[in-house]
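Residue numbers (full-length UniProt numbering): 1 to 466. Virtual Cβ for every residue (Gly too), placed ideally from N, Cα, C.
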Amino acid sequence: ALIVGAGVWYASVKGDDPAAPTASGGAAGSGGQDGAAPEAPDGAGSEKVPADTQAKVAFQIPAPVVADTVTTAGSWLTDRTYAKSGVNEVVGYDAAKGTKLWSVPLPGEICAATRHVKDNRTALVFQPSKPTPQVKYPACSEVGVIDLDTGRMLWTKSVAGASQGDRKVAWDEVTIGANTVAAGGTHGGAAWDLATGKELWRPQEDAEGCYDMGYGGGEGLVAARKCGDGDNQYVTIQNLDPVTGAPLSAYRMPAGVEYASVVSTRPLVVAADVGDTAGDGSGISDFFSIDEKTGKLKAKIVADAERYAGECRSTDVENCEKLVVGNGRLYLPTEQHEGSGEDYNRVNEIVAFDLATGKLTGQRLDSGTNAQVFPVRMDGGDLIAYRTPGYERGGQVVSVDGASFKETVLLRTPVERAISNAERGLAERERMIYRDGRLYLADRFVSKPSTVVKETRYLALVFTTR
């Protein structure tokens, strides 16, 4: 049952009572010895608190002027380079100063990009040409890998044939898992070696009409595979050998699942909207914690869409936002709801579910008055989270101790209204990046400027405490 009171939400999971939340932080992790503070299961983080947490704008990238909406998906960071997709190009900037270092021109529009960076390399999908009167919508057929430090396109590949005859296969998404680049879509999946571009496999259907819709990457490589047709369709989650594509384990999703999203490959966590019951466009009604070695279900977490605010684009296999896995837990924000006090006050929290049991751990991070807070990434066993700007207050990046759940502010953005407005808009667009005192916000689309509202629009906005 759901109980709303004093600005706190409690939720049950599969009828089990949650662990009791603490007043200000949450349940502890593993106990320390001789009075030492307990440590999170994944160890200590590496992010340090700056001498001054008040940030300033480091640099900004103006949004290009376009006549129609253009996809600019993809932003990446290395030790020296911040790279951002633009209109028919990827541009590298000095990570600290914002000066342009290089540009990789593309023959057509960017369609999709992975968030993963391996050996300072990343992957994207793009069109082979710009639109023409004869071909108004070129297929998203090209997969490329870019070296983010040198600004070189290392290789570009496409796949012809398969079930498409002489036409090239179109891809909906791309990822990097281990040392493999994998792309998937409605015509199946293919993979290449990250370093060389050597083809590892290509789309092929079996006797049941099964095909890889897409892949989740990171430490491992996991496929979401659809089989059958009509009312007999089902989805299987396969943990793959990233070199051969052979399944190491498999879990068949329950009936009523048309698409599935891989939240994490190590440990394996999958989100799905079972029977289209979410009803809010989030693509999530349940999370599935799966043993990647055996394919057995460890726990199912019911995530009522009216309570929780994570999002997975329903047809994409790897495109979840505002949720993070670490310490053997799933960190998930609640939806905004009425907080305590007499004034109008909308708040939310980040809560944690145990992946072994599916139960709430009792850990909770509060947003504070008229703000929202959501997970960004893990830093060892610490959770990096973002708090939106509020009245006369900028946004914040905080580090949350994985054991005590106590927060430490790492960065505060400026309070100026124009900056806060831009920050609010970009924080909801593309996955943000925080590292070593710098916060990078970016847009995954640019569109035709409004003729009614005059505003400065940004492709990216970067804050620094350094």
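Could you tell me if residue i is buried or exposed, where buried requires 16 or more neighbouring beta carbons within 10 angstroms of its beta carbon?
i	result
V351	buried
T451	exposed
residue 468	Outside the modelled stretch of the chain, which goes from 1 to 466, sits residue 468, for which no answer is possible.
P333	buried
Q233	exposed
R266	exposed
R438	buried
T465	buried
G25	Because the pLDDT of G25 is 40, which lies under 50, any placement of that residue in the model is unreliable, and the number read from its coordinates should be weighed accordingly. Label assigned to G25: buried.
N421	exposed
A427	buried
P242	buried
S103	exposed
R225	buried
G144	buried
P133	exposed
I272	One detail in the question is off: residue 272 reads as Ala in this sequence, not Ile. A272 is buried by the Cβ-count criterion.
S46	exposed
V347	buried
V325	buried
T105	Checking the sequence shown, residue 105 turns out to be Pro, not Thr. Flag for P105 reads exposed.
L310	A small fix is needed here, since residue 310 is Gly in this sequence, not Leu. It counts as buried.
A341	Just to set this straight, residue 341 is Gly in the shown sequence, not Ala. Looking at its Cβ environment, which holds fewer than 16 other Cβ atoms inside 10 Å, G341 is exposed.
D231	exposed
S65	The sequence shown places Val at residue 65, not Ser. With fewer than 16 Cβ atoms within 10 Å of its Cβ, V65 is classed as exposed.
D379	buried
T322	It should be noted that the sequence gives Lys, not Thr, for residue 322. So K322 ends up on the buried side.
A51	exposed
D166	exposed
V462	buried
D147	buried
D119	exposed
I believe residue i touches residue j by the beta-carbon criterion, under 8 Å. Please report the beta-carbon distance rounded to the nearest angstrom.
i	j	result
Y215	A182	4 Å
L356	G328	Looking at the sequence provided, one finds Ala at residue 356 rather than Leu. Yes, A356 and G328 are in contact; Cβ-Cβ is about 6 Å, under 8 Å.
I176	L154	About 13 Å separates the two Cβ atoms, so there is no contact after all.
C227	E258	Not confirmed; about 12 Å, so no contact.
A385	L365	6 Å
S85	A95	That pair is no contact at about 16 Å.
P394	P414	First, the amino acid is wrong: residue 394 is Gly here, not Pro. With 8 Å as the limit, G394 and P414 qualify as a contact, their Cβ atoms being about 5 Å apart.
D443	A44	About 34 Å separates the two Cβ atoms, so there is no contact after all.
V70	V446	5 Å
W171	G185	5 Å
S261	G281	Not quite, the Cβ-Cβ distance comes to about 13 Å (not below 8 Å), so this is no contact.
G217	E318	7 Å
L240	V269	Wrong, their Cβ atoms sit about 16 Å apart, outside the cutoff.
Can you name, in chain order, every residue of its own chain whose Cβ lies under 8 Å from the Cβ of residue i, other than the five neighbours on each side?
i	result
P203	V159, A162, S163, V169, H187, G188, G189, A190, Y211, D212
N345	G7, E338, G339, T369, N370
K454	none
E349	V8, W9, P333, T334, R364, L365, D366, S367, V373
K198	W192
G279	A305
K300	K14, D286, F287, F288, S289, G358
D229	G209
T456	P62, A418, A422
T150	W102
V135	S129
Taking only beta-carbon atoms, is residue i less than 7 Å away from chain C?
i	result
D304	As a matter of chain content, chain C is missing from the structure shown, which is built from one protein chain.
If you drop the 5 nearest sequence neighbours on each side, which residues of the same chain put their C-beta closer than 7 Å to that of residue i?
i	result
G108	N88, F126, Q127, P128, S129, K130, P138
D68	K448
K100	V91, Y93
T277	S285
T22	Because T22 carries a pLDDT of 34, less than 50, the predicted location of this residue cannot be relied on, and the following value inherits that uncertainty. G362, listed in sequence order.
I61	K84, Y458, L459, A460
T408	V49, V398, S399
Apart from the five residues on each side of it in sequence, which residues of its chain come closer than 6 Å, Cβ to Cβ, to residue i?
i	result
G295	S249, A250, Y251
G275	G256
D291	K298
I179	Strictly speaking, residue 179 in this sequence is Asn, with Ile absent from that position. So the list reads L194, once near-sequence residues are dropped.
G98	F59
T315	Y259
**Request:** Only counting runs of 3 or more residues, tell me where the beta strand (DSSP E) segments fall wholly within the region 320 to 375, in order along the chain.
**Result:** 324 to 326, 329 to 333, 349 to 354, 360 to 366
**Whole runs of the beta strand (DSSP E) within the region 81 to 129, excluding any shorter than 3 residues** = 81 to 85, 89 to 94, 100 to 105, 110 to 113, 121 to 126
**Ranges of the beta strand (DSSP E) found wholly within the region 164 to 240, counting only runs of at least 3** = Secondary structure in the region 164 to 240: the beta strand (DSSP E) runs of 3 residues or longer, each lying completely within the stretch, are 173 to 177, 180 to 184, 190 to 193, 199 to 201, 211 to 216, 222 to 227, 234 to 240 in chain order.
**Prompt:** Using 8 Å as the threshold, is the region 103 to 116 in touch with the region 65 to 79, meaning 3 or more CB pairs across them?
**Reply:** yes
**Asked** Where in the region 237 to 287 do unbroken runs of the beta strand (DSSP E), each at least 3 residues long, occur, reported from the N-terminal end onward?
**Response** 247 to 252, 260 to 265, 268 to 272
**Asked** Mind pulling the alpha helix (DSSP H) runs of 4 or more residues that sit fully within the region 415 to 455?
**Response** The qualifying runs are 417 to 427.
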